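See below:
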């Protein structure tokens, strides 16, 4: 009887600590996925929370300042477009027309300040859809 | 030739379906000759898959651009070796590899398991044929590898240059050996559940297969990490990417199983739990294949939006339904013969270890599918990044480390607090001494000091166990110390193999701790002749040069490294630019046991200045060394012990009597 109690108490303690850890993890690591259109509709300066934005790098918009390590480009979902500023290491697979995911915040001027830049690899396991021009 | 491949796959599919039906009906009608015919059909399936694979390999090797798969993965400029390894560079080829490996495993399992426990044969044939049929169906109808075009291009597109790396050439097959290897334990357990009451539910028979699959998964994960580290050029090796998590989850469950199976072996307990773990591990291997292939989650790796997902999830749901249905049906027969005797015992330490491993697996699963779950629940997709995983996994990993030290010291059945305290004293002292030494040496990060203290503690427990065993042998047989150690390990291969694996995991822990807590980095822009310091190193930039190699323009930054006044020689960080717009980084890497100096050429200007990212990652080499040590331990543990068979035999004897 006592042993059952000990194990029940242990199980409850483990579940509770895991729940607590998961809650803390979500507090720290969660970011909303948004589309370019959704973000554009927000009033500038009202959205200070970190979001994750997916889209395509608009061709002809990439400007890269190597010595100062600033990267600027426009990300688009086909209908809407948003300027993005990023400082940091650019993934090898980043290129115009590629799909990217940026994480960061929208600043007051309407530019997306990205702290993370992920590029989706179009040939990782499969060639890109032949219908989309490369 | 494409037709030959296509027909082989169709034929294999038909034969696999036949094997499934024949095994089921033959077992039901008690007609062994029908079951025999079913297993012969599986041999034919393997042969036909071999033909299909040979066709694809020949097409890749001869650069036959009438195959769409060849066009997508091969080009004239690509080295022949990578033409051949592009077999698993794409989805279709990977699924063919899955099917081929599964057939190989099936034949091996039928030989060894069929001989050890003939009643399992029909079930084994049916499960393996069912899983094969699913993959052959995908290959025949959903993702055909032999699609051809009537107007072949003159040259192919080749693989993404990032994949042209030896680590990436061996990473997928190794991982797949592990993924597919999880099917065998699943098949054994399901076959046992089908075939009737049994003492161990086939779990003990499945153990060795699980160990092999676990080892392959471990190596697959290590190769992937190594590739990520040396090729992707971001300075790390693990990003909690869904594709990485896909391989980590079955690994965690398999690790839990390899520990809890010992309780079943010694105490005939936890049978239900082990059966569930085997089924879970298999389910996660299918889910992992689905994750990497369906593009349901945004990942650096997966992007393919294809109908594959629905098929995979449907198959997964069906397999889990059948397996758990069987478990429910046999639930009472899977009852443990013994109960946990005491709260303080090795059994409960193992149980807690299992709970912690499953907690990690569950958290990783939750974090991986969080965007989908949150989109369904709240209508908005929420992503959780590395902070989520670190926040949850790091504390649990500490718990696992503590158990890793206590586990071997605590007695089976009922341990006294007094004897545990006595056993823990010396190793704990060793850990504390290490901690004090680190603090004295100026290491201040509390998490890292704790991690090293725990690693020291666990290593000391292994050392104490080894020394104790050697002493006993020397006292009884008068052997020399080296001879006694070798004999000790050779006669208790599983036990000491396991300890050696633990030592390898400790090295891995140290490497991860060192490189994640103490990594320093800076980004600098240097003109020729200028120097930047990072950590203990000074890096001098000596200028840029250009060359062409394999269809790429290579920009190289010549560097020279100094440590104090010592000249460590020249060093180059490169970036290759491909015509298609791709670029790859060639990291300048100087690895020592203390730390890695890791330099990336991030950019350059017309006037010859280079922007470099300099990193010093301590202890990374320990991780790779850990992989070697794990290999040594796993190999030792996998070599069959004659004694184990004798020990196991009486336990199986009663398994087939009607009354059990």
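Residue numbers (this note's numbering), protein chains in the order written: chain Y, 1 to 134; chain G, 1 to 660. Glycine included, every Cβ here is placed at the ideal spot set by N, Cα and C. None of the values given here were measured: they were computed from a predicted structure.
Whole-Å CB distance - residue i paired with residue j, under 8 Å assumed
| i | j | result |
| --- | --- | --- |
| residue 49(G) | residue 100(G) | 5 Å |
| residue 620(G) | residue 515(G) | 5 Å |
| residue 260(G) | residue 251(G) | So it is not a contact: roughly 15 Å between Cβ atoms. |
| residue 62(Y) | residue 96(Y) | 6 Å |
| residue 94(G) | residue 172(G) | 7 Å |
| residue 71(Y) | residue 86(Y) | 5 Å |
| residue 124(G) | residue 113(G) | 6 Å |
| residue 617(G) | residue 235(G) | 7 Å |
| residue 77(G) | residue 158(G) | 7 Å |
| residue 661(G) | residue 160(G) | A query on residue 661(G) cannot be resolved here, the shown segment of chain G reaching from 1 to 660 and no further. |
| residue 578(G) | residue 603(G) | 17 Å between Cβ atoms; not a contact. |
| residue 344(G) | residue 415(G) | 5 Å |
| residue 404(G) | residue 476(G) | Their Cβ separation, rounded to whole angstroms, is 29 Å, which puts residue 404(G) and residue 476(G) out of contact at 8 Å. |
| residue 230(G) | residue 589(G) | 7 Å |
| residue 220(G) | residue 175(G) | 3 Å |
| residue 212(G) | residue 623(G) | That belief does not hold up - the Cβ atoms of residue 212(G) and residue 623(G) are roughly 22 Å apart, past 8 Å. |
| residue 135(G) | residue 177(G) | Residue 135(G) to residue 177(G), Cβ: 15 Å. No contact. |
| residue 65(G) | residue 92(G) | Not a contact, Cβ separation roughly 16 Å. |
Residue i: first and last residue of the uninterrupted alpha helix (DSSP H) it sits in
| i | result |
| --- | --- |
| residue 116(G) | 91-116 |
| residue 33(G) | 32-61 |
| residue 40(Y) | 36-41 |
| residue 21(Y) | 2-29 |
| residue 516(G) | 493-517 |
| residue 76(Y) | Not the alpha helix (DSSP H): residue 76(Y) falls in the beta strand (DSSP E), residues 70-76. |
| residue 676(G) | A query on residue 676(G) cannot be resolved here, the shown segment of chain G reaching from 1 to 660 and no further. |
| residue 317(G) | 308-329 |
| residue 263(G) | 242-267 |
C-beta contact flag for residue i and residue j at 8 Å
| i | j | result |
| --- | --- | --- |
| residue 541(G) | residue 451(G) | no |
| residue 562(G) | residue 537(G) | yes |
| residue 328(G) | residue 271(G) | no |
| residue 90(Y) | residue 117(Y) | yes |
| residue 347(G) | residue 267(G) | yes |
| residue 102(Y) | residue 94(Y) | no |
| residue 662(G) | residue 34(Y) | Here chain G has residues from 1 to 660 only, and residue 662(G) is not among them. |
| residue 400(G) | residue 353(G) | yes |
| residue 253(G) | residue 361(G) | yes |
| residue 585(G) | residue 65(Y) | no |
| residue 460(G) | residue 426(G) | yes |
| residue 243(G) | residue 289(G) | no |
| residue 256(G) | residue 237(G) | no |
| residue 665(G) | residue 29(G) | Given that chain G is displayed from residue 1 to residue 660, the structure contains no residue 665(G) and the question cannot be resolved. |
| residue 572(G) | residue 587(G) | no |
| residue 139(Y) | residue 18(Y) | Beyond the ends of chain Y as shown, which are 1 and 134, falls residue 139(Y); an answer cannot be given. |
Endpoints, the beta strand (DSSP E) within which residue i is located
| i | result |
| --- | --- |
| residue 571(G) | 566-578 |
| residue 112(Y) | 112-119 |
| residue 542(G) | 537-549 |
| residue 103(Y) | 99-106 |
| residue 558(G) | 552-563 |
| residue 523(G) | 520-526 |
| residue 584(G) | 583-586 |
| residue 618(G) | 610-618 |
| residue 86(Y) | 81-87 |
| residue 56(Y) | 51-57 |
| residue 64(Y) | 63-65 |
| residue 93(Y) | Looking at the DSSP string, residue 93(Y) is not in any beta strand (DSSP E), and its letter there is neither H nor E. |
| residue 602(G) | 595-604 |
| residue 675(G) | Residue 675(G) is absent from the model: chain G starts at 1 and stops at 660. |
Residue i: CB within 7 Å of a non-hydrogen atom of the ligand GTP
| i | result |
| --- | --- |
| residue 331(G) | With respect to the ligand GTP, the structure offers nothing, as it holds no ligand at all. |
Minimum Cβ-Cβ distance from residue i to chain B less than 8 Å
| i | result |
| --- | --- |
| residue 104(Y) | No chain B appears in the structure shown, which is made up of the protein chains Y and G. |
Any 3 or more C-beta pairs closer than 8 Å across the segment 140-148 of chain G and the segment 321-337 of chain G = no
Which whole runs of the alpha helix (DSSP H) in the segment 354-408 of chain G are 4 residues long or more, in chain order?
-> 386-406
Alpha helix (DSSP H) runs contained entirely in the segment 158-230 of chain G, provided each spans 4 or more residues = 166-181, 183-195
Sufficient close CB pairs (3 or more, under 8 Å) joining the segment 403-412 of chain G to the segment 519-527 of chain G = no
If we count Cβ pairs, one from each stretch, closer than 8 Å, do we get three or more for the segment 420-438 of chain G versus the segment 366-374 of chain G?
-> no
Counting Cβ pairs, one atom from each stretch, are 3 or more of them under 8 Å apart for the segment 489-498 of chain G and the segment 630-641 of chain G?
-> yes
Any chance the segment 107-122 of chain G sits against the segment 172-192 of chain G, with 3 or more Cβ pairs inside 8 Å?
-> yes
When the Cβ atoms of the segment 11-19 of chain G are set against those of the segment 58-72 of chain G, are three or more pairs found closer than 8 Å?
-> no
State whether the segment 478-493 of chain G contacts the segment 445-464 of chain G, with contact taken as three or more CB pairs (one from each stretch) at a distance under 8 Å.
-> no
Do the segment 131-144 of chain G and the segment 203-211 of chain G make contact, defined as three or more Cβ pairs closer than 8 Å?
-> no
Pairing CB atoms from the segment 386-396 of chain G with CB atoms from the segment 17-31 of chain Y, are three or more of them under 8 Å?
-> yes
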